[in-house]
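A.B. asks: First residue of the sequence shown? That's 2 in the working numbering, and the numbers climb one at a time after it.
All C-beta atoms in this analysis are idealised placements derived from N, C-alpha and C, irrespective of residue type, glycine included.
Just dropping this structure here.
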Amino acid sequence: MPYLRINDIELYYEEAGKGVPILLAHGGFSDISEWEHQVSPLATNYRVIRYDRRGCGRSTPKDVENQPDLWIEDQRALIEGLKLDRPVIGGVSYGGMLLLEFLLKYPSYCRAAVIVSATARGVTGRVVFPDRRSELNHIATPTLVVQGSQDTHFSVDHGKEIADSVPNARFAVLDGGHTINNQCVTEFNRTMLDFLLDVEE
């Protein structure tokens with residue numbers, strides 16, 4: 002099984018396909034399975050990498066609490082360790098929120114972003130995220146924001162807020178709930194692939 006040792010931990014990852022790299026980050030304390038339905042369609046033309054964050058899935062250590070700063074540094078180290086040349090980065094739910102933070106801190110590491118079922122508003126609880134709404138206008142990365150019309154975690158308004166604030170962002174609303182990429186699979190994949198083709202032009 003593929004592991005990359007970085008920052009004194011081991012990150013589990015899987016990859017498929019060849020081409021422009023796409024790095025996919027899961028939500029909360031979940032694992033790589035949150036992007037399962039996107040691997041085959043994307044791997045036809047892209048190098049698709051999914052990974053379990055520190056403390057999640059098969060990555061170590063197992064006793065990690067919420068550490069957004071460390072998770073962001075781990076993602077940067079993963080990109081460097083796998084020698085990914087400015088990957089497209091996708092993040093679902095909390096992974097999308099961390100992606101916003103990553104774009105603000107390391108804009109040169111990402112050629113395009115896909116933010117799914119996320120919010121830029123501050124959240125508290127098992128996972129913590131600061132309110133970044135006032136900073137979104139600093140993001141210059143081509144960005145696709147996708148939200149579910151029936152998402153009870155982060156409503157359409159949350160996604161629209163991100164898309165309206167990030168310059169030239171694209172916004173799509175699909176008929177479903179949270180983690181919309183697993184509910185409207187065909188439509189989501191088409192939306193993401195169309196966006197990626199436009200980025201390449």
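Take the Cβ of H159 as the centre, count every other Cβ of all protein chains shown within 10 Å, and call the residue buried at 16 or more, exposed below.
C.D. replies: Buried, by the Cβ-count rule.
A.B. asks: When the Cα of N183 is compared with those of H27, R6 and E35, which residue comes out closest?
C.D. replies: Looking at the Cα atoms, E35 is the closest of the given residues.
A.B. asks: Under the three-state reduction of DSSP, which class applies to A173: helix, strand or coil?
C.D. replies: Residue state, collapsed to three classes: strand.
A.B. asks: Going by C-alpha to C-alpha distance, which of D32, L198, E162 and S156 sits closest to S135?
C.D. replies: Cα-wise, what sits closest to S135 is E162.
A.B. asks: Note down, in chain order, each residue of its chain lying with its Cβ closer than 8 Å to the Cβ of A141, except the 5 sequence neighbours on either side.
C.D. replies: Cβ within range, chain order: P108 and P168.
A.B. asks: On a CA-only basis, which of R55, H38 and Q39 is nearest S31? Give me that one, please.
C.D. replies: Closest by alpha carbon: R55.
A.B. asks: Could you name the residues of the same chain whose beta carbon sits closer than 7 Å to that of W72, not counting the 5 residues immediately before and after it, in chain order?
C.D. replies: Hits under 7 Å: R54, R55 and L99.
A.B. asks: What is the residue span of the alpha helix (DSSP H) that G82 lies within?
C.D. replies: Residues P69 to G82.
A.B. asks: Taking the beta strand (DSSP E) that L85 belongs to, which residues open and close that run?
C.D. replies: Element bounds for L85: n/a, residue is neither H nor E.
A.B. asks: Is any non-hydrogen atom of the ligand SAH found closer than 6 Å to the C-beta of R122, if you look at the structure I gave you?
C.D. replies: For the structure depicted, the ligand SAH is absent and the ligand set is empty, with no information on it obtainable.
A.B. asks: DSSP state of I140, grouped into three classes?
C.D. replies: Coil.
A.B. asks: Under three-state DSSP, which class holds A121?
C.D. replies: Looking at A121 - three-state DSSP - the assignment turns out to be coil, as it is neither helix nor strand.
A.B. asks: Can you find the residues in the same chain that come closer than 8 Å, C-beta to C-beta, to R112, ignoring five residues on each side of it along the sequence?
C.D. replies: If we look at R112 and ignore the five residues flanking it on each side, its Cβ neighbours are V21, R87, P88, V89, T142, P143 and V200.
A.B. asks: From what residue to what residue does the beta strand (DSSP E) around E11 run?
C.D. replies: Here the beta strand (DSSP E) through E11 covers I10 to A17.
A.B. asks: H27: buried (16+ other C-beta within 10 angstroms of its C-beta) or exposed?
C.D. replies: By the neighbour-count rule (16 or more Cβ atoms within 10 Å), H27 is buried.
A.B. asks: What is the rounded straight-line gap between the Cα of D176 and the Cα of E188?
C.D. replies: Those two C-alpha atoms are separated by around 9 Å.
A.B. asks: If we call anything under 7 Å between Cβ atoms a contact, is L137 one with F196?
C.D. replies: No, the Cβ-Cβ distance between L137 and F196 is not below 7 Å.
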